[in-house]
Ligand code: GAP
């Protein structure tokens, strides 16, 4: 087993064992690529959502939020292009009968080439020690350059074939690269076909009158169809944004990798409406702003990179992903798209209604352009969770498992632990919980020895443990233990709130953006 898959297996089992994520309908053996958030998971998810919402809506005078319905008029999806163009190229293996996304098979092949490059770099770093110049090695080593060139050529060809809808060439590429089925090892492939990812459903009771609907595959269209409603009622002037978080649904074929790619998931999207001609500048600004939002979490600059798209979606004139280093490699976490006036113009055509803005400075009406930022909440959850899961070897050789969440995102901020279950310690501990719970999620835990309770809270990612002992009864002080350093300090009970608050508030993250 590789180190990467080993780490990812730990992520999945820790998420279940500690009440973060459960497989959906597990007692019926689960439902593929559908998951439920458990008691701690929902708290982490809510905290991520709050961080995003505050960064978008609270910090920007010119961004407002909405919450549109999941069901939308079916013509919405004709206008948005999803009925005709929201497809994945699929290929079946004739031996295993397994279905794959053809582009993912090729991308996984390229990921293996990239892994070879990383191996070369690691080997060289070991060989040269402190004198190693990684940038120079990457730019000059013939083996690295050959791998790099090969990977780029393959991705370029894939991009061009998909762009031209040349599915025969995608199949030819798979055959030329001798890609075999991960399950059967066979290279017997069917032709590549397009498959629409939207889930259909029906509205209405009678079979004759029921209307065919789709579950929304993105939240963005709920914003576009409300553009004028919001602009008028909130009296917004361009540039302005509309933000929304909510469920989206896609009949994903390759629904693997836990909550990375789900069939029901949540998006956090913001459409920024701008005058035509200013999209390049706003696109650059939003790329920068969104990267700052990620970096403020302190998970490490080296975990992120931009990936500018060669193959653009049907609505975009520029697009970039913020990729994150998941346990299975760098993958898309968020998309920033310059969507032109595609969506609003198309809704104008299909509805016959004007979706325009009168610009008093230009003294003209026009359909605004849009720059969109779109991030999957579940994917962000996986980024935070997998990055935080750490195993440490302590002095004496014991290990501890810690979820080193950014403090502001941790499900519980403090755990109050009476040293023993008698002598009035539980009562004092309860009064501390009663006092702190108004400001942050606080838990009470009296079961097991205090050392085990510390380990339990570490494994849940709780930043602070407050231990109440006999001295607390005498002088109203407690021990405050910090999760990452395990440092313990004696603190007056009345100081607790201010000390904890200073370190766990979302405000401290927001100030860094
Ligand atoms: N409105 C634009 C849009 O939907 P997208 O790149 O298809 O663009 C945006 O999706 C984000 O939504 C992705 O970067 C990813 O974080 C998340 N996402 C997309 N499909 C997903 C899935 N099946 N499961 C979980 N998250 C998904």
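Numbering (this note's numbering), first residue to last: 6 to 518. Backbone N, C-alpha and C fix where the C-beta goes; we use that ideal spot for every residue, glycine too. What you are looking at is a predicted structure, and each value in this text was computed from that prediction instead of being measured.
**Study point:** Pairwise C-alpha distance: residue 202 and residue 222
**Key:** Reading the chain shown from its first residue, position 217 is the one you call residue 222. Reading the chain shown from its first residue, position 197 is the one you call residue 202. Going from the Cα of residue 222 to the Cα of residue 202 covers about 8 Å.
| Do you know whose CA, among 261, 378, 374 and 459, lies nearest residue 298's CA? | As a first step, residue 298 is located in the chain shown; it is residue number 293 there, counting from the start. Here the closest residue by C-alpha is 378.
Verify the contact flag: residue 225, CB atom, against every heavy atom of the ligand GAP, threshold strictly below 6 Å. By one-based count along the chain shown, residue 225 stands at place 220. With a cut-off of 6 Å, the C-beta of residue 225 is classified as near the ligand GAP, since at least one heavy atom of the ligand falls inside that distance.
Q. How would you write the range of the beta strand (DSSP E) that residue 251 sits in, first residue to last?
A. Sequence index remark: in the chain shown, residue 251 carries index 246 (1-based). It spans 245-254 - the beta strand (DSSP E) in which residue 251 sits, taken as one unbroken run.
query: How many whole angstroms separate the CB atoms of residue 408 and residue 465, which I take to be in contact at a CB cut-off of 8 Å?
result: Here the question's residue 408 lines up with position 403 in the chain shown. Here the question's residue 465 lines up with position 460 in the chain shown. Under the criterion of beta carbons closer than 8 Å, residue 408 and residue 465 qualify as touching, at roughly 6 Å.
#### Entry: Alpha carbon of residue 240 to alpha carbon of residue 42, nearest angstrom
Numbered from 1 along the chain shown, position 235 holds the residue referred to as residue 240. Numbered from 1 along the chain shown, position 37 holds the residue referred to as residue 42. Between the alpha carbons of residue 240 and residue 42 lies a distance of about 38 Å.
Is the separation between the beta-carbon of residue 216 and that of residue 209 shorter than 7 Å? Residue mapping note: residue 216 aligns to position 211 of the chain shown, counting from 1. Residue mapping note: residue 209 aligns to position 204 of the chain shown, counting from 1. The answer is yes: Cβ separation under 7 Å.
Original post:
Whose C-beta lies closer than 7 Å to the C-beta of residue 361 among residues of the same chain, with five residues either side of it excluded?
Top reply: Along the chain shown, one-based indexing puts residue 361 at 356. Answer for residue 361: 370, 371 and 372, listed in chain order.
Can you tell me whether DSSP reads residue 301 as helix, strand or coil? Your numbering for residue 301 matches position 296 in the chain shown. Three-state DSSP puts residue 301 in coil, outside helix and strand.
- Could you tell me which residues DSSP puts in a beta bridge with residue 186? Taking the first residue of the chain shown as 1, we reach residue 186 at position 181. Bridge pairing for residue 186: absent [DSSP].
Quiz item: With DSSP run on the structure shown, which of helix, strand or coil describes residue 423?
Solution: Position 418 of the chain shown holds residue 423. Of the three classes helix, strand and coil, the one that applies to residue 423 here is strand, per DSSP.
Q) Cβ-heavy atom distance between residue 241 and the ligand GAP below 6 Å? A) Position 236 of the chain shown, counted from the first residue, corresponds to residue 241. With a cutoff of 6 Å, residue 241 does not count as near the ligand GAP, since its C-beta is closer than that to no heavy atom of the ligand.
What's the gap between the Cα of residue 308 and the Cα of residue 391? Position 303 of the chain shown, counted from the first residue, corresponds to residue 308. Position 386 of the chain shown, counted from the first residue, corresponds to residue 391. Distance between the alpha carbons of residue 308 and residue 391 is about 12 Å.
| request: Output the boundary residues of the alpha helix (DSSP H) element that contains residue 87. | output: As a working mapping, residue 87 is identified with position 82 in the chain shown. Unbroken alpha helix (DSSP H) run through residue 87: 87-90.
Fill in: Per DSSP, the bridge partner or partners of residue 22
If you number the chain shown from 1, residue 22 lands on position 17. Its beta-bridge partners do not exist; DSSP assigns none.
- Message: Under 8 Å, with one C-beta from each stretch per pair, do the region 38-58 and the region 411-426 reach the 3-pair mark?
- Response: Output reads yes: the region 411-426 touches the region 38-58.
So the candidates are 183, 172 and 218; which of them puts its Cα closest to the Cα of residue 199? Locating residue 199 in the chain shown gives position 194, where the first residue counts as 1. The shortest C-alpha to C-alpha distance from residue 199 to any of 183, 172 and 218 is the one to 172.
Problem set entry | Validate contact between the region 189-199 and the region 141-148 using beta carbons, cut 8 Å, 3 pairs | In this structure the region 189-199 does not lie against the region 141-148, because fewer than three pairs of beta carbons, one per stretch, are closer than 8 Å.
request  = Consult DSSP for residue 6 and reduce its assignment to one of helix, strand or coil.
outcome  = Looking up residue 6 in the chain shown gives position 1. The pLDDT assigned to residue 6 is 40, lower than 50, so where the model puts this residue is not dependable, and the model offers no usable value.
Hey, could you find the ends of the alpha helix (DSSP H) residue 76 is sitting in?
The count along the chain shown starts at 1 and reaches residue 76 at position 71. First-last for residue 76: undefined, no H or E at that position.
Practice task
Please classify residue 331: does DSSP put it in a helix, a strand, or coil?
Solution key: Start at 1 with the first residue of the chain shown, and residue 331 comes out as number 326. Strand, per DSSP.
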